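Right, one structure below, let's go through it.
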Amino acid sequence: MLYELIAIARVVNPIEHTREAKEVATTLGRLIIQNRGVVRKIQSMGNETLPKIMRKDQERHFQGHRFLMLFDSSAPVQSEILRTLKADPRIIRSYMQKVSDKNLDPGSSLDRAGR
Numbered sequence: 023m024l025y026e027l028i029a030i031a032r033v034v035n036p037i038e039h040t041r042e043a044k045e046v047a048t049t050l051g052r053l054i055i056q057n058r059g060v061v062r063k064i065q066s067m068g069n070e071t072l073p074k075i076m077r078k079d080q081e082r083h084f085q086g087h088r089f090l091m092l093f094d095s096s097a098p099v100q101s102e103i104l105r106t107l108k109a110d111p112r113i114i115r116s117y118m119q120k121v122s123d124k125n126l127d128p129g130s131s132l133d134r135a136g137r
C-alpha cells in the first residue's frame, strides 16, 4: 500500500536546520527498506516558523523543518513507523495517510494540489 508521511522535525541549530530531518528520514527509510518496502520520494518542504508554539517532551518549539515521504509498505510496517515517530524526540508532529494507489504514479498531495 502507498502511504504519504508529512512530518515536522525540530530545529536545534539554525545553521544546520536540515540535519535532524535528514537523520529521521534516513532512519525511516532504512526501516521501510529492511521490511521489504519501497521509498518512492523524499521531499524537503523547508524550514518554517510554526503557526503556534508546539510542545513535545517538555520542550517548546517555535521553528520546524517539514518533509514529505512517499513509500510503499505493509500495514504492520506502517504502524511500526508511527510508533517510531511518536517515540522519537526529534519529531514534533507527524501525519500519515494512505494514498489511493489505483494510478501507477499518483504523486504526493503537493503534486496533486498543483495540477
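According to my numbering, the residues represented by the sequence shown are 23 to 137, in order. Note that beta-carbon positions come from the ideal geometry of N, C-alpha and C, so glycine has one too. Bear in mind that the values here come from a model prediction, so they are computed numbers and not experimental data.
Please tell me whether residue i and residue j are closer than 8 Å, where the distance is taken between their beta carbons.
{"i": "T40", "j": "H87", "result": "yes"}
{"i": "M91", "j": "I64", "result": "yes"}
{"i": "V61", "j": "F93", "result": "yes"}
{"i": "S116", "j": "A43", "result": "no"}
{"i": "M118", "j": "L27", "result": "yes"}
{"i": "V121", "j": "L24", "result": "yes"}
Let me make sure I understand the geometry here. Which of the options has the alpha-carbon closest to that of residue i?
{"i": "N69", "options": "M118, M23, N35", "result": "N35"}
{"i": "A31", "options": "A109, V121, V61", "result": "A109"}
{"i": "A97", "options": "I28, E81, R58", "result": "R58"}
{"i": "I37", "options": "Q119, D94, Q85, M118", "result": "Q85"}
{"i": "I114", "options": "I75, Q56, I103", "result": "I75"}
{"i": "K78", "options": "Q119, L107, V121, I103", "result": "L107"}
{"i": "S66", "options": "E81, Q80, T48", "result": "T48"}
{"i": "T71", "options": "V33, E102, E81", "result": "V33"}
DSSP puts residue i in a beta bridge; with which residues?
{"i": "M76", "result": "H83"}
{"i": "Q65", "result": "L90"}
{"i": "R32", "result": "G86"}
{"i": "E26", "result": "L92, Q119"}
{"i": "V60", "result": "D94"}
{"i": "T71", "result": "Q85"}
Along the chain, which unbroken stretches of the beta strand (DSSP E) at least 3 residues long are found entirely within the segment 89-121? For secondary structure counted as the beta strand (DSSP E) over 3 or more consecutive residues, the segment 89-121 holds these complete runs in sequence order: 113-120.
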